[in-house]
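What follows is one structure encoded as structure tokens, with my remarks underneath.
Residue numbers (this note's numbering): 523 to 1495.
Written as structure tokens, this is what we have:
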């Protein structure tokens, strides 16, 4: 039996906020302010006895009342009474008093313990744990320390505790920068420097955070603002730390680009990725290659890096060898091992940009700190690896061009590459050509899988089997696995089955043909149902496939489908990517498709299988759409699907499915953009609009929409083209490409009218109205939105009606009619509430918040915008989270709270990193500059405005004139 957990303290006390006491979870009365001041004075002495005279001085200072001692005894008696059965915690001794607090019973003692442990963690290099502990300490604060208490002692202690809190915040922010959370830290530091403008340490941290976020001009502007403020207020110059940091930024000092101590070879790293796939337990032979590659990995010391590239035909065992060597050598790379399948043999090889993003995340870089371009990501990747000993395994590379951005480039690191091609153009690489196994190695591998007893009695037949497999490891593994699973078969029986197959493969150099012949050996041994599943599942374009989707493809019950798929996993023809998810090796997928084209009878079954998959995805996505948007008639106009799709118990589970399946959904839409599945492909994009607004797969979403548009245009399908163009228009609008969005929406409306399709006839004018709002064409916006409103009402689409009313509220606001704007927004909100609180209700709250801000009702506006923000966050709508933070910042600034405005503007910038487009970023920077100007940080404000001006001018936007006006006074001076 396990031990019972240790009981907590009988009494608990808090001083890092209002002075409070509890017995267990029961609050205790602490009495009048003077009584609480006595309690605080005793608690802050850490169990030491305080004399009566000391307590009188603490409570009343130099002018105590005449009956001070009597009052003191009264307060002590009341405190003891409040403690009830634990009254012995208050001790009277030596003419004074003390409170004996059990371990864990006082918040300030807990905070001190957390800080001590954090210092130890930081000392051993565990910065992540140190951050957690400092945050735990800070979480104990609950407002102003010792709130509402009188007395000189309390005043002094309050000042001390507030200073300590600031020091802990500085420590935590310093740790944030050490682990790469620069963008997140900027928002908090902006608010803190506004609240404590003369605190130079906070200014230094803000400068460093801005610099590491790529905002060098703003970092220098912070220094200029600080220097001017210190001269004006105190008549002093910035401290040495600020001056040296300023000079380092001017010189682009490389030391500023990495955490302190990050270049030390022995410095421990908190994030140590361990991404190597499992090594096969029956690894066999290859001794010379293992030794050769291991020797190369041993030479990382003193070299820029060690690069080994293993080449060979598909199925020769490149990945198995590389993973085995990597595991053998992993102790030489204590800072981690990175792994990626570059899918070089497939139709869609992995993009270096995406791989670098994944590597940076694995190394601890937050999403908001990852730049957009492949060049910037590669530079940050190399900087992050600087000073570390990390091995990078780049599996299944297409060519040297794909690999180059992924190489570490630093001393102590190594890259191990596998590819079907010899990378003779990869400078400095040690090339290894991996051939098939020799007969003895091949027989050893076969024996390990089948068993020595069965092979030992039929050695000659076993040699015939491995010879028929061409000594290719993957072919041997497939044949041996089938034999191992069939206890009634003999090795001779398997050899007889393989005798008439293609001739030995070790001399074939036709690449795919050799691999195809190898796979043919395994495929030929499959049972009919297995072979059918193998063929049909290979037709799906997604990176993997879920069990439910596979069941739809095969038209089977999920239980039966799982049994079938797991049997394919046993043959090594299919991989289990995760519980309930399956994938092919890219070459196996190509072979499966060729089998489908050759063997699937009737041929129409291939089309039917993909049609069933599309129906499954569309039905499930439509169900999620309806769950998110009750009352939206779009789902009523989607193509009919015979099944219901998956059902979810709540919206969280539904969104989990949607985002997990994102790549598969969009691949299915692209694949279905033809023939009689074209309209369902367009509808699938409509039903998965949440993916677009999340920012997660915006590029892939746009690519899928373009594929459907192209196919629909070629086929003359106005309905499918119109629907896909509404999707693409929305994507352009989210990215700030308003001219392109307007063109697509206009064309969608034309096509929708021709096809008499209510979806584009409602959605396109709504989108055109939104675009006109952004472009300040208020009359046009009103005309478009009134048309949309009428169309939605004609379609009895209450959800759409509320959307149009929300947008009309924006128009009235921009035309100077905030009262009417509030009325329209409230109408929209009433409809959303009547339909049941949903994701889009947040858009109504958003519109109402804007209108209330214009009316000067700032507290009400912040409440509505805060409610909208919570809904958007719950639904993972990163775009709308960022925009709502921007509007909250606007409201704070309008209400005269520039510090809060600046903090929320910084958060908006972080949220919209990589999405939202230049126009929105420019608007946020302009607002941030206004807030900073109000805070006296005029140099940093101008840096923000200059960046905004560059964005607006680059896009030819009218807002550039407003920003020039903001910069004009400085220019004139």
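The C-beta atom is built at its ideal place from N, Cα and C for all residues, glycine as well. Note that the coordinates shown come from a computational prediction; the quantities given were computed from them, not determined experimentally.
Identify every residue that forms a DSSP beta bridge with residue i.
| i | result |
| --- | --- |
| residue 932 | Per DSSP, none; premise fails for residue 932. |
| residue 584 | DSSP lists no partner for residue 584. |
| residue 549 | 544 |
| residue 917 | 863 |
| residue 846 | Paired residues: none, contrary to the question. |
| residue 618 | 573, 615 |
| residue 831 | 939, 953 |
| residue 1501 | No answer is possible for residue 1501: the residues shown for the chain start at 523 and end at 1495. |
| residue 1068 | 1103 |
Return the residue from the list the options that minimises the CA-CA distance to residue i.
| i | options | result |
| --- | --- | --- |
| residue 1308 | 963, 1143, 1290 | 1290 |
| residue 988 | 1277, 958, 1129, 649 | 958 |
| residue 1245 | 1046, 1191, 1297 | 1191 |
| residue 706 | 889, 829, 533 | 889 |
| residue 772 | 794, 738, 754, 747 | 738 |
| residue 1083 | 1193, 1053, 953 | 1053 |
| residue 1422 | 1457, 1086, 920 | 1457 |
| residue 1417 | 1382, 1111, 1247 | 1382 |
| residue 778 | 799, 727, 815 | 727 |
| residue 550 | 563, 536, 807 | 536 |
| residue 1209 | 735, 1150, 640, 897 | 1150 |
| residue 603 | 557, 1482, 577, 1455 | 557 |
| residue 719 | 760, 686, 1377, 694 | 760 |
| residue 559 | 576, 548, 546, 545 | 576 |
| residue 1148 | 1320, 1086, 630 | 1320 |
| residue 564 | 1451, 594, 584, 545 | 594 |
| residue 700 | 1146, 1489, 896, 650 | 650 |
| residue 997 | 1012, 968, 1008 | 968 |
| residue 1261 | 956, 837, 1296, 986 | 1296 |
What did DSSP end up calling residue i once you bin it into helix, strand or coil?
| i | result |
| --- | --- |
| residue 629 | helix |
| residue 1169 | coil |
| residue 1446 | helix |
| residue 1435 | coil |
| residue 675 | helix |
| residue 1063 | coil |
| residue 1440 | helix |
| residue 533 | strand |
| residue 1297 | coil |
| residue 796 | strand |
| residue 735 | coil |
| residue 801 | coil |
| residue 895 | coil |
| residue 554 | coil |
| residue 1034 | Confidence is the limiting factor: at residue 1034 the pLDDT is only 35, short of 50, which leaves the residue's position unreliable, though a coordinate-based value still follows. Helix, per DSSP. |
| residue 1214 | helix |
| residue 1014 | helix |
| residue 973 | coil |
| residue 1337 | coil |
| residue 718 | coil |
| residue 961 | helix |
| residue 888 | coil |
If contacts are defined as beta-carbon pairs under 8 Å, then residue i and residue j qualify, I think. What distance do you get, rounded to the angstrom?
| i | j | result |
| --- | --- | --- |
| residue 1390 | residue 1368 | 5 Å |
| residue 1429 | residue 709 | 5 Å |
| residue 862 | residue 880 | 7 Å |
| residue 831 | residue 941 | 6 Å |
| residue 1311 | residue 1330 | 7 Å |
| residue 953 | residue 935 | Not quite, the Cβ-Cβ distance comes to about 19 Å (not below 8 Å), so this is no contact. |
| residue 620 | residue 571 | 4 Å |
| residue 1269 | residue 1299 | Between residue 1299 and residue 1269 the Cβ distance is about 19 Å, and since that is not below 8 Å, they are no contact. |
| residue 725 | residue 712 | The Cβ separation is near 11 Å, so there is no contact. |
| residue 912 | residue 853 | Going by Cβ atoms, the distance from residue 912 to residue 853 rounds to 13 Å, so no, they are not a contact pair. |
| residue 1242 | residue 1230 | 6 Å |
| residue 662 | residue 538 | 5 Å |
| residue 1168 | residue 1140 | About 12 Å separates the two Cβ atoms, so there is no contact after all. |
**OP:** List in chain order: all unbroken alpha helix (DSSP H) runs of 4+ residues lying wholly within the region 1239–1322.
**Re:** 1240–1256, 1260–1277, 1280–1296, 1300–1316
Subject >> Length-filtered (4 minimum) alpha helix (DSSP H) runs lying within the region 1362–1387 >> reply: 1363–1376
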